Every structure is written in structure tokens, then in C-alpha cells.
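A short write-up of the structure that comes next.
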Amino acid sequence: MKNGKFATEIDFIFSMKADLGLLKKLFVVLFILLGVMAASKLDELRFSFDFSQFFPEEDPDLAFYDDYVEEFGTDDNFLLIAVKNDPDVFQEEFLKSFQAFSEESKTFEYVLESSSLTSLSYPLKTSFGYTTLPIIHIDDPSQYQKDWNKIREDSLFVNVLIDKKGKSLVLALETEDNLDYKQSELLLNSIRASLKEHNLPDFHILGRAFFYEAIVEMQKSEVLTTTIAASILVFIILLLVYRSLPVVFISVFSIAMSLLLFMGLLGWLGKELNAMAAFYPVLMLIVGTSDVIHLTDSYIRKLQTGIPRYKAINSSLREVGMTTLLTSITTAVGFVTLLSSRLVSIQEFGINAAIGVLVAYITVIFLTGSLLISLPEKSLIGRRSISENWVTYLLKINTFTKNYPRSIILGTVVFTALCVLGIYLVQTNQELKNTLPAESKIAQDFDYFQSNFSGFRPLEIAVMSTEGNKVTDFKVAQEIEKLLIYLKTFKSIGNVQSANLPYKIFNKANNLNSAAYFTLPSDEKTFLKYQKDSRKLARKQLAKFINEDESIARINGRLQDIGTDKLKVVYTNIDKFSKTQLDTSLVAVKVTGKSILLDKNSEYIRSSLLEGLLYGLLLIGVIMAFVFRDIKIFLISLVPNVLPILFAGGMLGFLGIPLEASLSVVFAIVFGIAVDDTIHFLGKYKLGISQGLDKEAALEKTFAQTGRALVITTIILFFGFMVMLFSIHQPSVTIGLIISVTLVTALILDLLLLPVLLRKLI
147 MKNGKFATEI
157 DFIFSMKADL
167 GLLKKLFVVL
177 FILLGVMAAS
187 KLDELRFSFD
197 FSQFFPEEDP
207 DLAFYDDYVE
217 EFGTDDNFLL
227 IAVKNDPDVF
237 QEEFLKSFQA
247 FSEESKTFEY
257 VLESSSLTSL
267 SYPLKTSFGY
277 TTLPIIHIDD
287 PSQYQKDWNK
297 IREDSLFVNV
307 LIDKKGKSLV
317 LALETEDNLD
327 YKQSELLLNS
337 IRASLKEHNL
347 PDFHILGRAF
357 FYEAIVEMQK
367 SEVLTTTIAA
377 SILVFIILLL
387 VYRSLPVVFI
397 SVFSIAMSLL
407 LFMGLLGWLG
417 KELNAMAAFY
427 PVLMLIVGTS
437 DVIHLTDSYI
447 RKLQTGIPRY
457 KAINSSLREV
467 GMTTLLTSIT
477 TAVGFVTLLS
487 SRLVSIQEFG
497 INAAIGVLVA
507 YITVIFLTGS
517 LLISLPEKSL
527 IGRRSISENW
537 VTYLLKINTF
547 TKNYPRSIIL
557 GTVVFTALCV
567 LGIYLVQTNQ
577 ELKNTLPAES
587 KIAQDFDYFQ
597 SNFSGFRPLE
607 IAVMSTEGNK
617 VTDFKVAQEI
627 EKLLIYLKTF
637 KSIGNVQSAN
647 LPYKIFNKAN
657 NLNSAAYFTL
667 PSDEKTFLKY
677 QKDSRKLARK
687 QLAKFINEDE
697 SIARINGRLQ
707 DIGTDKLKVV
717 YTNIDKFSKT
727 QLDTSLVAVK
737 VTGKSILLDK
747 NSEYIRSSLL
757 EGLLYGLLLI
767 GVIMAFVFRD
777 IKIFLISLVP
787 NVLPILFAGG
797 MLGFLGIPLE
807 ASLSVVFAIV
817 FGIAVDDTIH
827 FLGKYKLGIS
837 QGLDKEAALE
847 KTFAQTGRAL
857 VITTIILFFG
867 FMVMLFSIHQ
877 PSVTIGLIIS
887 VTLVTALILD
897 LLLLPVLLRK
907 LI
């Protein structure tokens, strides 16, 4: 195989023995200086979390929602605090404490509005005008049972501001839009301090600010945990493999330096680390380790044959440098395929991971190479790190592929069929709770609100007037009421409010506060009367549901986390009802909001995955065809690299794991890394052929000299990603498990199927 311009330049650098001492010192000093600069940029790294990171770009529903937000603000600017009390909330001491907490919350920074049963009241029409009645007579315990009966009779606040058993009260806060991490943390600290001050220890919180705080804390913990765990793992494996502390320290130092440079580069570029950040340390450590092992293995093997170290490093770089560059490029291409995703967070991960792979390669070639030739040969060789047993076992595998080609091909066909069947079983009914840190406070609070209240997911429905009508017209209000009645038939929907709410409240107030009159007025004259009262006395509340030119009315509520596929059915039924049961000459209805945008991810994941992998295959195919200059070898190389991707998809189906946004990285990682082994195997085979060896001799040399490095790197990859099993983030656990098993499958296919294909087709 021709080495190309890159290998020629490396050859030139390291063949200059007279200047080599100066160059190696220069590289070491240069990387140390770069490491210091990178360390100084680490404090500029920022962790972030926003549901908008998972919105599909260039989607018409996203464009509509952006315009909708301009009219009504975001739909997740709320924070709910549920405070429990035993035996129930109707205890004077508790109610007074909760009332004090509720009043104090109005002074918290970033809070726009505060609502609770201790601060709200019923309006009542008297001969002197409107007055108010407290929902709970806090200072009169004799009224508590009557108050509770009235609350249950109205049902307006049940499962919204109080649970159906009367065990907890909710303080609902409306916050400023799009609070960042620091603002969220400040607000939550104020809430917790106030709860403690008022002796309200048993509470649960739900809302964007709490999600932001919890997810960012998880990200920080995950990055630290995975870095430490993966570093220890790499150190142990390298020590077991090489049994030479100098070699291990050189490898670990180089890999750690590449990780430091990568993280520092992200800080310098002003990158924000999102929910995928926990994968960066694992990726950098295992990709860097793979490069180190291939270079170090080749170098030590040459030293053991008696070649002087300067010639040995030169020969290793000629032999491995170009192949490793190719594998780094193809791995980077695998990650770049994620740019086909419509999700910003996935795109960012793909770009950052591709940069990291190239940083690891440059670090290994120049820093590891410099350190290796800086140590005496005896220190590097140690206790004969390359055992003859490896060669014996690997040659037995080669013999097996020679003796049983039909069995291997038949097994591959059956394996492929099972993978296709598994892919057919893949589902997309993802539940939000499965993405939360396992057994964490946020998961517990999420479950509490799911079980006792209306849920977390916001439901937003835009009702648009048509043909010159206004949403404030009586006929339009009647159409809205039809839709509201229909929404109540869904068990998964709760806490529904609309522009009709003020009219119902005034209707009830004008009829002795009777729950039977909590309805839309039946005649237009009464409706207009209450509309006038609403614009005078409840203008602020009305403005939350009607835009300025009265062309759009808002319906909002809460959705239970029943899964994306089931929610899609809900959205479809609402749309169908609106088009068939409402007067479309008066109104047009569209479901919108962050919840439906998140759920649309599943619609794009499959298509974007296939599109991205197709582009990746084409690009890698061009690279491999250019390097190997053999169309047959190119076609052969595709088979053992497509099958692991099918296997990853099949695992999702058989294990019943829903396909969601973060899992899309599985296929990019598998595709990008699995192809490395194939390239190293085919590169060594092609080199043997170019040296005049026949097919069988070239295969034996490939197994003997490259097989060991492939097995060791796969072991490190396997255990490196298995580190993710210790994650508290369920998607990370799933990703780690699937990638680990799939990469082992890719190695098996390379060692068993590739030799058979080479014998059959070339």
C-alpha cells in the first residue's frame, strides 16, 4: 500500500536522527504548553439543558410554535411545588404556614405570578357589585369540611392545586421565559429556603427550572464519573496487556492529554455541553487508547525483532500511521453523519465528537511517538508483552475460517435475518420519565405529579378564527366549548383552561357561586355582559388566552406521560374532531407546544439515521476505494460494517427499547468505530499482498500481526462503553450496553466473515 504524502512527511521527520532528539523534546514541550492552555479554558465550559435542543429544525410545526410564542409566551414557564401534610392539608397550622410560603413566593426573583388555594378566592355577585369569598377559610377550622366539599364539587382545582385525596396543596408559579441555569438555581434556592423557614419539609417540585437544575447537575456528575471510571479501566487493561509501567504511563499520559486538549478546545470555542456530554470522556479515552495500542504494538513488536528504536518508530509510522489516520477519518465521518439529524443537540454532539477523534489522533502520533522513542528499549519491552499464545490462538481462528466457510456464511445469513426481524419490532413509544436520572429526586417528584396531579407535559391548542370572525365572538366561544368538552374525554389530559374560563367564573358568581352554573352562558346577551365584566375585572387573565387582535385563542392544559405513540393518537384525534365536529367556517384548530415538538422527534429519527448512514457509507466508500484502489475490497469491507448497525437496531427491537433522540448516536458510534477494525485488517492484508505474499500467507500475517491489536482495542471499547452501565441516566445505560455488545459483534464479523469473503471474492 502506498503511504501517501502524510506518511512521507512523517518518514522525513523521524528519519532525521540527528534532529530527532530536538524534535521529540519540542513536541513534548509543545503538548505540555497546549495542555496548560487547555486547562485554563476548562472553567469556560458551560453545561446547558433546554427542551428546544431536541426540537426538529426546519419543521413547519416549529415555525408555527415560534409565532405562537410571540403571541402568548412559552408553555413551560411554570414551576409547581406540591407540599404534603398528614393526615390532610386541612390543618390550621399547616394552612397558615403554606399561606405564608405562598405570599412570600410573590417576592421571589423571576416569579411573575403566584397561585394557590390559600391565595385565590371565589367571585360572588351581590347587590353592591362583585365581592370575593375565600376558597379555604384558613382562620376558621369549623369551615374546613365545607370548604373541601365545595372544592370537590367544583372540580376546578382538584388534581391542579390540590390532589383528590386532600393530602397536598400546590403552589403554581409563573416564571419569566427561558430561565438559564444560574437563574433557575437562584429561584430554586429561594423556594427551598422559604419551605424550610415555614417548616414545610415534605414537598415535590416540577417545572422547567427544576429540570434544568437536575439535568445539568447530572451532566456534571456523569462527565466526572465516566472520566474517572474509564481512566481506571484503561489503565488496568493497558497494564494487563503490556505489563510494563513505562508503556502504560506513556499511553495514559497521551490519552489524558488528548482529553484535556479536547475539553479545553470546546471551552475555547464557547461550546455548551448538553445531555450528550457524558459520552465525550469515554469516546476520547477509548478512541485514543485504540490509536495508542496500534502504534505501540507495532513499535514494540519491531523492537523485539532487534530493529533499533529510531528505525522501529519510522517503520511503525509508515506501517500504522496512515492506516490510523484513515480509521480516525472514517470514525469522524461516522459522527459527522449526525449532521443529518434535525435535532441541534445531536448535530452538536456529532461535530464535537468528530473534532475529538482527530485531536486524539494528532496527540497519539506526535506526543506518543515522541515519548516512545524517549525511553530505553528495555523499559518499553518489559516482560515480553506480545505473547506467542496470541499468535497461536489467532491462527486457529484463521484456520477455522478456512475449514468452515459455508457454516460462517450460513450463520451470517441467519444473523442478518434475525437483525431485520428485530428492526421490524422497534417501537417509538418513548416516555419522558425514562430519560430522567434513575432513583433521583427529580424522578421521584415527576412520579408524584404523574400519580396525583394532571401531569407535566404542556398541552397547547391554538384556535384561530376564520373568515373575518374574532375569537371573542359568541359563536366562536361555543365552538371552543365543544372542543373543551371533547378534551375532557381523555384521561391523559387535565387542567384544561381557555378564554372561556372568565365567562364561566362570572356565570357562577352571578348564580350564588353554584357549581352547576360553571358553564358558558347559553345566550349571547349574557355572554356579552360577562365579556364586559371580564375585560374590566379580569383583563390580565383574559390576555393570557387571547392575542391582541383577537384572531387566536389559546387552550392550554397538562398531559400525562403516556408515551409518544399514544400521545400521537391523542393529537390525531383532536385534529380529526376539530375538522369534523367543529364549524370550520368559524375556527381552525392546531395542536402546538413543546410537547408535540418533542414527540415529533421519533418521526425524524429513522429517516435521518438512514440518510446520515447512507452519506457516511458513500463518503467512507470513496475514501477506502481511493486508499485500497480495489473495488472488490471496498465492497467486501461494507458487509461486516453494515451488519453491526443492523444488529444494534435489532437489539432495540428485541429488548423493547423505544427509539428516541439520544439513541441515534448509537448507530453513528457503531458505524464510525466498527469500520476501524476492518480498515486495519484489510490494510495489513493488502500490505502483505503488495509484498508478494499469496492470499493465505497474507491472511496468516494479518491475523498474527494485526489480530491482537484488534482484539485488545475491542476489549477496551467493550469495557469502556460498559462504564455507562453505572450511569444514573437510563438512555446512557442503554447506549453503553448496545454499543459494547455491537462492537464485539463487529470484531467477530471481521475475524470470521472477512477472511471468507476475501477467499471467495478475490
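All you need for the numbering used here is the position in the sequence shown, starting with 1, plus 146.
For every residue, glycine included, the Cβ atom is placed at its ideal position computed from N, Cα and C.
A quick note: this is a predicted structure, and the numbers were derived from the prediction, not measured.
- Residue burial annotation: N653 is buried, with at least 16 other C-beta atoms found within 10 angstroms of its C-beta.
- In the DSSP annotation of this structure, the continuous segment of the beta strand (DSSP E) that includes V642 starts and ends at 639 to 643.
- The criterion of a C-beta distance shorter than 8 Å is not satisfied by L315 and S265.
- With contacts defined as CB atoms closer than 8 Å, R700 and F218 qualify as a contacting pair.
- Contact between D205 and P604 fails: their C-beta atoms lie close to 18 Å from each other, not under 8 Å.
- Short of 7 Å from the beta carbon of L188, and not among the five residues preceding or following it, lie these beta carbons of its own chain, in chain order: M409, G410, G413.
- Note on V768: under 16 other CB atoms within 10 angstroms of its CB, so exposed under the neighbour-count rule.
- For the 8 Å CB-CB criterion, S873 and G866 do not form a contact.
- In the same chain as F481, and ignoring 5 residues on each side of it, the C-beta atoms closer than 6 Å to its own belong to G496, A499, A500, A814, G818, in chain order.
- Straight across, the Cα-Cα distance linking L180 with R552 is about 54 Å.
- With contact defined as three or more Cβ pairs closer than 8 Å, the segment 375 to 383 and the segment 503 to 517 are not in contact.
- Cβ neighbours of E494 within its own chain (closer than 6 Å, five residues either side excluded): none.
- A check of alpha carbon separations from L370 across L899, P427, Y663 identifies P427 as the nearest.
- With contacts defined by Cβ atoms closer than 8 Å, L889 and V879 do not form a contacting pair.
- The way I'd put it, the segment 572 to 585 doesn't touch the segment 340 to 350; fewer than three beta-carbon pairs between them come closer than 8 Å.
- According to the DSSP secondary-structure assignment, R338 is paired through a beta bridge with no residue.
- Shown here, T264 sits in coil according to DSSP, grouped into three states, outside any helix or strand.
- Under a 10 Å Cβ-count criterion, L744 is classified as buried, with 16 or more other Cβ atoms of the shown protein chains found around its own Cβ.
- The criterion of a C-beta distance shorter than 8 Å is not satisfied by P287 and E255.
- With distances taken between CA atoms, I569 lies nearest to M797 out of M797, S886, P280, F673.
- Rounded to whole angstroms, the separation of the alpha carbons of M468 and S886 is 26 Å.
- Residue pairing by DSSP places A699 opposite V609, I692 in a beta bridge.
- Three or more Cβ pairs closer than 8 Å define a contact, and the segment 458 to 478 falls short of that threshold against the segment 390 to 397.
- Judged by DSSP in its simplified three-state form, V316 adopts strand.
- For the pair A184 and D234, the Cα-to-Cα distance works out to about 56 Å.
- Following the DSSP letters along the chain, one finds G353 inside the beta strand (DSSP E) bounded by residues 349 to 353.
- Under the 8 Å Cβ criterion, the segment 706 to 726 does not count as touching the segment 651 to 665, having fewer than three qualifying pairs.
- Pairing H283 with W294, the inter-Cα distance amounts to about 10 Å.
- The residue from L907, L828, E670, D729 with its alpha-carbon nearest to that of E613 is D729.
- From the listed residues D711, I825, N656, V735, the smallest Cα separation to P804 is found for D711.
- Checking the DSSP bridge columns, you'll see Y276 partnered with K271.
- With contact defined as three or more Cβ pairs closer than 8 Å, the segment 315 to 330 and the segment 225 to 232 are in contact.
- About 5 Å separates the Cβ atoms of F173 and F512, confirming a contact at the 8 Å cut-off.
- By the beta-carbon neighbour count (other beta carbons within 10 angstroms, threshold 16), N535 is exposed.
- Counting along the chain, the unbroken alpha helix (DSSP H) around T848 starts and ends at 841 to 851.
- Going by DSSP, I227 is part of the beta strand (DSSP E) stretching over 224 to 230.
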